[in-house]
Amino acid sequence: MQSRHLPLTELVTLVYLGALVLALSLVGCRSESPSETETPRIAQGARAVQAPTPPATSIAVPAFEIVTTPVEEAPRVVTFEEAEAAYRTGDFSQATSLFASYVDTRPENPFGHYMLGLSSQKAGQFEQAERSLRRALELDSTHVRSWQNLARVFLDTGRPDEAFQALESGRSLDPESGVTYRLLGRTLHQQGNPGEAADAYREAILIDDRDAWAMNNLALVLMQDGRYLHAAQTLAQATVVRPTQALFLNNLGMALEQAGEFASARDAYARAVEAKADYERAEGNLARLEATDLINMEPVMVEELAARFLEELESWRDEHVARELGEEAASSIADVANIQ
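Residue numbers (our numbering): 581 to 920.
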């Protein structure tokens with residue numbers, strides 16, 4: 581029997597119909613599975629079967645780190661009184677820090693820079709002291725104490741020529757300042773002029789006869805010149821003015837010891853040790869004298885030595901007055917000559 585070949589279009593039609601029948605049969609099978617597409621029907625009166633609850637799943641919540649930006653506090657304003665209180669108690673490092681904060685907020689106040697310089701100088705911070713005092717003088721060149729303390733910085737750093745110039749500036753503003761003359765004495769002594777230094781110290785004492793530091797400094801010049809008893813008289817008056825200043829008492833003991841007044845020297849060293857605990861230099865001097873028989877001598881009275889100094893002071897005043905009268909007379913003669 582001869583086989584008949586179907587035309588291509590008929591063949592395609594048959595294949596399409598076969599695929600369609602297969603697809604319908606698969607859809608019917610899936611619709612019979614209620615577990616995938618429908619909720620199962622519950623027969624009336626039958627025990628309800630509850631669909632199993634899917635296990636609860638714990639969802640991990642990520643931990644967030646909360647970063648807070650710190651609130652910047654406003655800088656604390658330092659008052660002048662607060663900084664000055666630290667200076668008065670002798671805490672010069674703290675005073676330097678506080679006055680530095682003070683001038684940051686009040687840069688145009690010359691006295692703030694002056695106190696910063698003074699605190700720094702006493703704390704041993706000489707570069708800071710010089711900068712601050714120079715700034716104070718830039719703001720107020722008439723402030724004599726700024727010139728004086730700038731000179732102190734120069735002296736502490738071994739610059740007597742610069743100290744002299746600073747003191748001359750201060751003296752031109754206040755020629756009657758005893759402090760300026762005392763510092764001028766230190767400057768001249770450091771420059772190698774002890775005689776002129778002694779004259780400057782005497783001038784300081786004439787201006788202020790209770791300037792115990794000028795007396796102490798004058799006595800050191802006298803001791804270097806070998807005038808020990810004269811130095812002891814000067815130091816005796818310094819200890820009358822400042823009876824608890826251990827440095828003056830120890831120096832008095834040294835002058836008396838060199839003058840041969842060993843019992844009085846022993847007493848001066850003992851007073852120095854009493855005035856200042858752990859004063860090793862005075863303790864050593866006292867121990868050295870107590871190890872000898874020299875202290876059995878009759879001591880001289882410190883008050884008697886001080887009285888001799890006061891007598892000498894009066895002679896200085898007389899000389900000072902005579903010198904001033906001589907200068908005035910010379911000036912008058914010059915005026916007459918100019919008139920003629």
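C-beta: ideal position from N, C-alpha, C; glycine also.
Query                                                                                                                                                                                          : Result
If ALA701 sits next to ARG732, beta carbons under 8 Å apart, how far is it from one beta carbon to the other, in whole angstroms?                                                              : According to the sequence shown, residue 701 is Gln rather than Ala. At roughly 6 Å, the Cβ-Cβ gap stays under 8 Å, so GLN701 and ARG732 are in contact.
Could you tell me the boundaries of the alpha helix (DSSP H) in which THR676 lies?                                                                                                             : 672-685
Using CA coordinates, which residue listed in GLY692, ARG714 and GLN813 is at the minimum distance from GLU891?                                                                                : GLN813
Go ahead and pull the three-state DSSP assignment for ALA826.                                                                                                                                  : helix
By how many angstroms is the C-alpha of ALA857 removed from the C-alpha of GLU940?                                                                                                             : Here the chain has residues from 581 to 920 only, and residue 940 is not among them.
Please specify which runs of the alpha helix (DSSP H), each continuous and at least 4 residues long, are wholly inside the region 710-762, giving them in chain order.                         : 724-736 and 740-753
Going straight from the alpha carbon of ASP684 to that of ARG790, what length do you get?                                                                                                      : 38 Å
How far does the alpha helix (DSSP H) with ARG656 in it reach, from first residue to last?                                                                                                     : Counting along the chain, ARG656 falls outside any alpha helix (DSSP H), and DSSP gives it neither H nor E.
For PRO823, count neighbouring C-beta atoms within 10 Å of its own C-beta (all shown protein chains included) and say buried if the count is 16 or more, exposed if not.                       : exposed
Using 8 Å as the limit for Cβ to Cβ distance, is ASN797 near chain B?                                                                                                                          : Considering every chain present, this structure includes no chain B. It has just one protein chain.
Do MET795 and LEU815 have their C-beta atoms within less than 8 Å of each other?                                                                                                               : yes
For the 8 Å Cβ check, are there 3 or more pairs between the region 866-876 and the region 886-901?                                                                                             : no
Can GLY765 and ALA777 be called in contact, C-beta distance under 8 Å?                                                                                                                         : yes
I'd like to know if the region 798-809 and the region 845-856 are in contact, where contact means that at least 3 CB-CB pairs between them fall below 8 Å.                                     : no
Of the residues PRO879, ASP788 and VAL853, which one's Cα is nearest the Cα of VAL821?                                                                                                         : ASP788
When DSSP labels each residue in this structure, what does GLN705 get in the three-state scheme?                                                                                               : coil
For ASP791, name the three-state secondary structure that DSSP assigns.                                                                                                                        : coil
Should LEU753 and TYR781 be called a contact, given that it needs their Cβ atoms to be closer than 8 Å?                                                                                        : no
To which residues of the same chain is ALA746 closer than 7 Å at the C-beta, ignoring the five residues directly before and after it?                                                          : TRP727, LEU730, ALA731 and PHE734
Take VAL724 and list the residues in its own chain whose beta-carbon comes closer than 8 Å to its own, dropping the five residues that flank it on each side.                                  : GLY750, LEU753, ASP754, SER757 and THR760
Starting from the C-beta of GLU662, find all residues in its chain whose C-beta is less than 7 Å away, skip the five residues before and the five after it, and write them out in chain order. : LEU678
Taking all protein chains shown into account, decide if GLN804 is buried (16 or more other Cβ within 10 angstroms of its Cβ) or exposed.                                                       : exposed
According to the Cβ coordinates, are THR819 and LEU836 closer than 8 Å?                                                                                                                        : no
On the criterion of 16 or more Cβ atoms from any shown chain inside 10 Å, does VAL657 qualify as buried, or is it exposed?                                                                     : exposed
Helix, strand or coil for HIS900? Go by DSSP, reduced to three states.                                                                                                                         : helix
By how many angstroms is the C-alpha of GLU688 removed from the C-alpha of LEU893?                                                                                                             : 44 Å
If we call anything under 8 Å between Cβ atoms a contact, is PHE842 one with ALA792?                                                                                                           : no
According to the Cβ coordinates, are TYR859 and ALA852 closer than 8 Å?                                                                                                                        : yes
From LEU802, ARG762, VAL801 and LEU800, pick the residue whose C-alpha is nearest to that of LEU786; which is it?                                                                              : ARG762
Which of the three DSSP states, helix, strand or coil, is assigned to ASP858?                                                                                                                  : coil
Give the secondary structure of MET834 by DSSP, where H, G and I count as helix, E and B as strand, and everything else as coil.                                                               : helix
Express the C-alpha separation of GLU710 and LEU696 in angstroms, rounding to a whole number.                                                                                                  : 10 Å
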